[in-house]
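Heads up, the thing below is written out as structure tokens.
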Ligand SMILES: Nc1ncnc2c1ncn2[C@@H]1O[C@H](COP(=O)(O)OP(=O)(O)O)[C@@H](O)[C@H]1O
Ligand SMILES: [Mg+2]
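Protein chains in written order, with full-length UniProt numbering: chain A, 1 to 234; chain B, 1 to 889.
Take a look at the structure:
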């Protein structure tokens with residue numbers, strides 16, 4: 001099996017001179033096709049930085065990052081946008097829905113711009129919001145809003161789904177059901193999902209756990225028998 | 001506290017563009033408000049200073065006959081006259097030219113002149129000329145004068161004067177069109193003053209008066225009302241005196257004529273008898289008479305011939321006396337207020353009031369937009385600051401301390417805006433506007449003044465539209481409990497819009513159109529502001545450009561559609577037969593005259609407040625051919641009109657100002673103030689000037705005398721100014737000529753107004769452009785700032801830069817479009833209003849706005865929105881999407 005993602009000696013430095021902050025130092029790892037990957041680490045460790053680089057939202061400083069055959073270091077801004085557009089779905093801690101659009105329209109916002117988009121209504125039904133598609137974000141709970149955000153990311157039919165602390169603002173049960181969505185997505189579509197979290201209790205659900213400490217990879221472990229989310233406790 | 005101040009400082013620099021754009025808006029509003037409202041008043045102040053310094057006469061008494069002792073006594077004793085100074089005035093020609101000069105005796109106390117260079121005349125051989133002639137003459141030069149009429153009377157003692165200096169006078173404040181004259185081309189070329197002794201004895205024909213019961217500045221209602229009252233009260237007194245002196249003159253002339261005629265008749269008899277005797281003698285003597293006898297006979301014959309010549313001369317004198325007697329009815333003794341005897345005074349006042357009129361309308365629109373936009377912007381700012389304010393409250397800061405930031409920020413824009421706006425409005429605008437007037441009036445610089453009340457008013461309005469807005473919003477926010485304040489304001493719940501209920505349309509909209517539609521209605525207040533702002537600015541642009549079009553349009557319409565003559569040549573048809581014949585011969589023989597028609601021409605006036613509106617009365621001898629010179633057509637239906645005995649046809653604006661209609665009566669005044677009622681048979685289209693047209697029989701009914709055919713309507717072979725002037729100059733040399741009324745005169749008046757308003761119009765257009773730009777920038781900036789998060793989300797989703805821009809700009813473009821469309825309608829109305837107050841009292845407003853104007857205004861507005869779009873695009877594209885999405889807010 002070839003590597004879906006391969007990160008080699010990647011370094012990301014913000015700023016220059018005295019104020020320079022190196023958020024990622026010489027990071028290397030591989031991710032295989034169809035994996036549910038968890039990037040774990042304390043606050044400030046450099047997880048978001050790494051995820052943003054994988055998602056084509058930021059330029060790396062040194063090293064090489066290849067995703068699905070695309071060498072991200074070689075892309076200019078426009079090409080990075082195209083990469084995001086065609087291949088990436090992104091979910092944030094804060095849902096970032098457009099308040100003035102209904103749930104369905106928020107999903108359509110994403111599906112509109114790609115060619116092989118999934119049917120927005122169907123995706124909403126898949127995340128369990130089939131009946132709420134005409135509601136505005138303000139009429140939905142936090143968990144429901146996050147579901148819409150996930151539906152929006154999935155509707156683009158991306159090769160890679162990235163989630164940065166997707167349960168950070170949610171309670172235990174709601175968080176769990178959100179994680180369930182990601183696991184189901186990987187199993188059903190055979191696509192890749194990377195979840196960034198500081199909560200080590202959820203690591204059993206992943207196929208692959210990369211632990212980041214102070215901008216560097218601390219451990220890189222694979223898990224042949226991931227636990228179903230329903231069985232997780234924390 | 002220190003940290004709080006630091007925070008405030010940071011806020012200022014952080015949102016500098018917003019701070020500056022609101023400041024700019026208020027600056028513009030204050031600038032236009034103050035500038036347009038002080039300039040008129042500054043101009044009047046400037047004029048008043050000169051009037052005061054030169055002690056400009058409150059009124060003048062003039063008469064075509066010289067003033068005798070009795071006249072002078074009557075004038076000096078007129079009620080409320082503080083002082084009367086008598087003087088001479090005569091219009092002459094510069095020798096060998098068509099240039100007319102008005103020469104007056106140098107006034108000593110009233111309407112004094114201001115010496116610009118050289119000296120006042122020191123002896124009867126010296127003259128001072130008006131300053132504008134400095135280029136043509138130098139001090140020490142000789143100036144040669146000639147009578148205006150070929151064989152006219154000459155009131156000065158000498159024909160050559162030495163120039164001793166150059167002066168200015170507030171009786172002649174216009175720099176061209178100094179005044180009308182019956183000499184030369186009809187326009188004064190210049191004026192000069194000589195010592196009273198330079199005039200022949202008993203030629204005083206002018207009295208300058210000051211009153212002891214007037215107060216207030218020139219042009220103030222207080223002053224003008226009192227003057228009008230005085231003049232109205234005194235004219236009848238002068239009429240009585242005039243009647244007396246005419247009767248006396250009439251008596252003298254009658255005696256002269258009777259005795260003269262008798263003498264001449266007796267003389268002729270004697271001469272005839274003598275000639276008969278002489279002839280008999282000659283016959284008796286035959287040809288063989290002694291040489292001595294023959295010589296005696298010849299001497300006798302010569303004596304008889306001499307007597308004949310004398311008799312003929314006496315007869316001419318009798319004829320002249322008869323003519324003079326015939327003209328006595330036209331002699332008057334008129335008192336005129338400044339507005340009437342001093343054309344420049346009147347026009348300067350009207351020009352300044354024209355700016356006042358603009359000052360009452362334009363700033364309202366400017367400020368309204370500035371207020372609306374500042375108000376929303378400030379309220380939005382406070383809403384953005386909810387969390388920060390909540391945090392500060394939670395930390396224990398008082399409400400006042402928490403509010404300080406937004407209050408300082410908003411009051412800062414108000415104070416800065418007022419300071420900049422007042423500075424520009426008090427100094428720059430009056431100077432710029434006045435520059436145009438300085439070219440046409442004899443004032444070099446406008447006097448600036450403080451006008452503190454306007455500054456205070458501006459500050460109050462500015463504070464109300466910023467600090468008050470911020471305070472209201474902050475107070476409302478702080479009323480909520482602190483805990484709530486810390487949470488982001490619940491997302492303004494999206495809502496269904498009306499369009500969605502019309503499923504038929506909604507389902508056919510593309511996704512992006514749906515989003516646009518929803519966003520449009522989500523931000524209703526901003527939608528409203530944008531439309532109002534753009535509409536207002538577009539309307540101002542249209543009006544600004546339209547002023548020029550419309551004033552030019554007036555001239556176009558007048559001369560293309562209505563007036564086809566070049567001049568009305570007025571002459572004295574009661575002069576001696578030979579003189580009258582010379583006039584008619586001249587017109588018949590002048591090769592430049594293409595066609596002419598006889599008419600009776602006179603002037604009456606109506607009153608409109610303190611100003612007299614002159615009306616030209618025209619009675620064509622042949623009513624059928626009138627249409628070749630003036631096309632009379634119904635003002636509403638354009639139907640051709642013809643004259644009959646049922647009433648007069650009056651011009652449109654005259655009917656309008658006096659609110660009279662077909663079938664009504666209009667009251668007019670003769671020069672001596674007596675009134676006549678004229679029945680209106682029809683109202684004719686006319687853009688410039690007040691006119692009364694009637695046929696002979698209706699004239700007879702109104703004026704109780706047959707029309708006196710004293711004028712020829714003249715159409716020349718070519719209509720250029722030079723040719724009309726040449727005709728006027730040639731005609732004016734004739735003894736019986738009175739005046740040449742040039743049709744182009746009205747053209748010049750309107751053109752002058754236009755050129756005087758030029759700078760003002762430019763300022764208005766530039767300000768409107770800036771306004772439109774700042775409004776677009778401010779509102780779009782608020783829009784973009786508020787929706788950064790949304791835009792970042794789009795970027796993360798993979799929207800390309802252009803798609804991100806269009807996501808916002810589809811709305812902005814629609815709003816701009818609607819704003820422009822609304823602005824076209826508003827501009828149409830606003831322009832119509834401005835054009836109803838701007839043209840002179842006797843001028844109609846030419847209808848409509850031109851397509852070119854609309855196009856330019858639209859293109860400019862679109863151009864501004866494009867520039868703003870480029871600026872906003874940079875802002876949108878440079879935003880860090882990750883930064884924006886990180887935080888809660
Ligand atoms: N845009 C940036 N500019 C400067 N420093 C940054 C920027 N983004 C992140 N950092 C720094 O990089 C480090 C890693 O941040 P981040 O990747 O957000 O950590 P995590 O997501 O693991 O909490 C932190 O020290 C943070 O301060
Ligand atoms: Mg993070």
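Where is the CB? At the ideal position from N, CA and C, for every residue including glycine.
Just to confirm, is the Cβ distance from residue i to residue j under 9 Å?
i, j, result
"residue 538 (chain B)", "residue 852 (chain B)", "no"
"residue 297 (chain B)", "residue 271 (chain B)", "no"
"residue 850 (chain B)", "residue 823 (chain B)", "no"
"residue 679 (chain B)", "residue 691 (chain B)", "no"
"residue 620 (chain B)", "residue 753 (chain B)", "no"
"residue 461 (chain B)", "residue 40 (chain B)", "no"
"residue 111 (chain B)", "residue 54 (chain B)", "yes"
"residue 572 (chain B)", "residue 736 (chain B)", "yes"
"residue 199 (chain B)", "residue 155 (chain B)", "yes"
"residue 689 (chain B)", "residue 603 (chain B)", "no"
"residue 79 (chain B)", "residue 234 (chain B)", "yes"
"residue 192 (chain B)", "residue 102 (chain B)", "yes"
"residue 647 (chain B)", "residue 694 (chain B)", "yes"
"residue 321 (chain B)", "residue 256 (chain B)", "yes"
"residue 88 (chain B)", "residue 239 (chain B)", "no"
Please list the terminal residues of the continuous alpha helix (DSSP H) segment that includes residue i.
i, result
"residue 64 (chain A)", "Element bounds for residue 64 (chain A): not the alpha helix (DSSP H) but the beta strand (DSSP E), 62 to 67."
"residue 190 (chain B)", "Careful: residue 190 (chain B) lies outside any alpha helix (DSSP H), inside the beta strand (DSSP E) at 188 to 194."
"residue 220 (chain A)", "Segment 216 to 222 is the beta strand (DSSP E) holding residue 220 (chain A); no alpha helix (DSSP H) there."
"residue 240 (chain B)", "221 to 285"
"residue 154 (chain A)", "142 to 155"
"residue 173 (chain A)", "172 to 189"
"residue 305 (chain B)", "291 to 327"
"residue 74 (chain B)", "69 to 76"
Identify every residue that forms a DSSP beta bridge with residue i.
i, result
"residue 44 (chain B)", "Answer by DSSP bridge pairing: none, since residue 44 (chain B) is not bridged."
"residue 644 (chain B)", "B:647"
"residue 413 (chain B)", "Partner(s): none; residue 413 (chain B) has no beta bridge."
"residue 92 (chain B)", "B:101"
"residue 596 (chain B)", "B:714"
"residue 115 (chain B)", "B:167"
"residue 866 (chain B)", "None; residue 866 (chain B) has no bridge partner."
"residue 149 (chain B)", "Paired residues: none, contrary to the question."
"residue 213 (chain A)", "A:216"
"residue 32 (chain A)", "A:3"
"residue 61 (chain B)", "B:207 and B:335"
"residue 27 (chain B)", "For residue 27 (chain B), which the question treats as bridged, DSSP gives no partner whatsoever."
"residue 87 (chain B)", "B:206"
"residue 10 (chain A)", "A:27"
How far does the beta strand (DSSP E) with residue i in it extend, from its first residue to its last?
i, result
"residue 232 (chain A)", "Unbroken run through residue 232 (chain A): none, as it is neither H nor E."
"residue 737 (chain B)", "737 to 742"
Problem - Interface residues of the region 508 to 529 of chain B facing chain A [CB-CB below 8 Å] - result: Cβ contacts with chain A: 511, 512, 514, 515, 518, 519 and 522.
Exercise for the section: With 9 Å as the C-beta to C-beta threshold (strictly closer), list the residues of the region 37 to 70 of chain A near chain B in chain order. Expected result: Result list: 48, 52, 55, 56, 57 and 58.
Problem - Positions along the region 783 to 795 of chain B whose CB lies within less than 7 Å of some CB in chain A - result: 789, 790 and 793
Handout entry: Interface residues of the region 182 to 200 of chain A facing chain B [CB-CB below 7 Å]
Key = none
Handout entry: Length at least 4, wholly inside the region 343 to 409 of chain B: the alpha helix (DSSP H) runs in chain order
Key = Along the region 343 to 409 of chain B, the alpha helix (DSSP H) occurs as fully enclosed runs of 4 or more residues at 343 to 384 and 386 to 395, listed in sequence order.
Exercise for the section: Let me know the alpha helix (DSSP H) ranges lying completely inside the region 41 to 97 of chain A, each 4 residues or longer, listed in chain order. Expected result: 47 to 54 and 77 to 87
Handout entry: Length at least 3, wholly inside the region 553 to 632 of chain B: the beta strand (DSSP E) runs in chain order
Key = Listed in chain order, they are 567 to 571, 593 to 608 and 611 to 620.
Practice task
Taking a Cβ distance cut-off of 7 Å, strictly less, list which residues of the region 21 to 36 of chain A are near chain B, in chain order.
Solution key: none
Problem - Whole runs of the alpha helix (DSSP H) within the UniProt domain "ABC3 transporter permease C-terminal" (762 to 871) of chain B, excluding any shorter than 4 residues - result: 788 to 797 and 801 to 837
Practice task
Please go through the region 660 to 704 of chain B and give each complete alpha helix (DSSP H) segment of 4 or more residues, from N-terminal end onward.
Solution key: 696 to 703
Problem - Interface residues of the region 141 to 170 of chain A facing chain B [CB-CB below 7 Å] - result: none
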